[in-house]
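Heads up, the sequence shown is in my numbering, so the first residue is 0 and it goes up one at a time.
What follows is one structure encoded as structure tokens, with my remarks underneath.
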Amino acid sequence: MAILSATDIVKYFTEPVRFQVLRGISLSVEKGEFVSIVGKSGCGKSTLLYVLSTLDTDYEGTLVIADTLLTGRDQEFLARFRGEHIGFIFQFHFLLQEFTILDNVMLPALKLGKEPQATIHTRAMDLLHRMGIAEYAHRPAKQLSGGQQQRAAIARALINQPTMVIGDEPTGNLDSENTAIVLDLLEAICHEMGQTVVIVTHDTEVAARSDRILTMADGKIVGEHRTR
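Okay, structure coming up:
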């Protein structure tokens, strides 16, 4: 079952001159699939990711996530949809450094306001246990290492039980040991929790841990490889 379906996505940049960065890209991602998008700098992979995540709405083509047509929707609708359906993991964790790890993880669910605080607290602690950092739940984020903070960011991305998780170079700031830990966690949330993950990465070793690799060049998908 396709969780995400993009059809004939075209994107232009207009500064300093009009330039076509995405050239008619079509792709689909199934539930529980771990997909990596790779390619050289400037190939358009991060631009594609921002279109797929609904953060960039200035494109041609159609985007459907969880059976919902998102093309042409207003920003209020898209913001609500992201809160319910998309979890984000960035290269930098963007945790609130003075807040505890637990507070950081709970924040998106509290903002969404669909569940009681006690329910959110329980799920946040469960996620921190899964990430292996529950013992640090009540410490300020600034007291944790970069790798631990990135694991907290993964928990934060999962707190609203999203349809899919999108990552922009989620291991880009990590050493090899913490990269391996994060990749183990991404694999686990796909294969054990049935979560769908789509990441952009420049690291072919990172991509090799995913189920499917899409290779981009010059604004197009030019290759696809299944790893399992």
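Every residue gets a Cβ at the ideal spot worked out from N, C-alpha and C, and that includes glycine.
Treat the numbers as computed from the prediction; the structure is a model and nothing was measured.
Going along the chain, which residues of its own chain have a beta-carbon closer than 8 Å to the beta-carbon of residue i, five neighbours each way excluded?
i           : result
residue 141 : 96 and 97
residue 143 : 100, 132, 135 and 151
residue 94  : 100, 103, 140, 148, 151, 152 and 155
residue 213 : 26, 34, 35, 36, 37, 220, 222 and 223
residue 163 : 2, 3, 28, 64, 84, 85, 86, 194, 195, 196 and 197
Identify, in the order they occur along the chain, each residue of the same chain with its Cβ nearer than 6 Å to the Cβ of residue i, setting aside the five sequence neighbours on each side.
i           : result
residue 225 : 211
residue 218 : 20, 21, 22 and 43
residue 180 : none
residue 18  : 12
Using a 10 Å radius around the Cβ and a threshold of 16 neighbouring Cβ atoms, would you call residue i buried or exposed?
i           : result
residue 238 : Because the chain in this structure spans residues 0 to 227, residue 238 falls outside the shown range and cannot be described.
residue 118 : exposed
residue 207 : exposed
residue 32  : buried
residue 227 : exposed
residue 175 : exposed
residue 40  : exposed
residue 161 : buried
How is the beta strand (DSSP E) around residue i delimited, first residue to last?
i           : result
residue 32  : That residue, residue 32, is in no beta strand (DSSP E); it is neither H nor E in DSSP.
residue 7   : 1-12
residue 216 : 211-216
residue 181 : Where residue 181 is concerned, there is no enclosing beta strand (DSSP E), although the alpha helix (DSSP H) it sits in stretches over 175-190.
residue 223 : 219-225
residue 198 : 195-199
residue 59  : 59-64
residue 166 : 163-167
What do you reckon, are the CB atoms on residue i and residue j nearer than 8 Å?
i           : j           : result
residue 28  : residue 197 : yes
residue 147 : residue 173 : no
residue 9   : residue 60  : yes
residue 199 : residue 170 : no
residue 5   : residue 54  : no
residue 82  : residue 107 : yes
residue 120 : residue 105 : yes
residue 111 : residue 177 : no
residue 130 : residue 184 : yes
residue 47  : residue 167 : no
residue 188 : residue 51  : no
residue 109 : residue 116 : yes
In terms of residues, what are the limits of the alpha helix (DSSP H) holding residue i?
i           : result
residue 130 : 116-130
residue 83  : 74-84
residue 100 : 100-111
residue 153 : 145-157
residue 16  : Element bounds for residue 16: n/a, residue is neither H nor E.
residue 51  : 44-51
residue 204 : 203-206
Exercise for the section: Examine the Cβ distances between the stretch 65-78 and the stretch 145-157 and report whether three or more of them are shorter than 8 Å. Expected result: Short answer: they don't touch.
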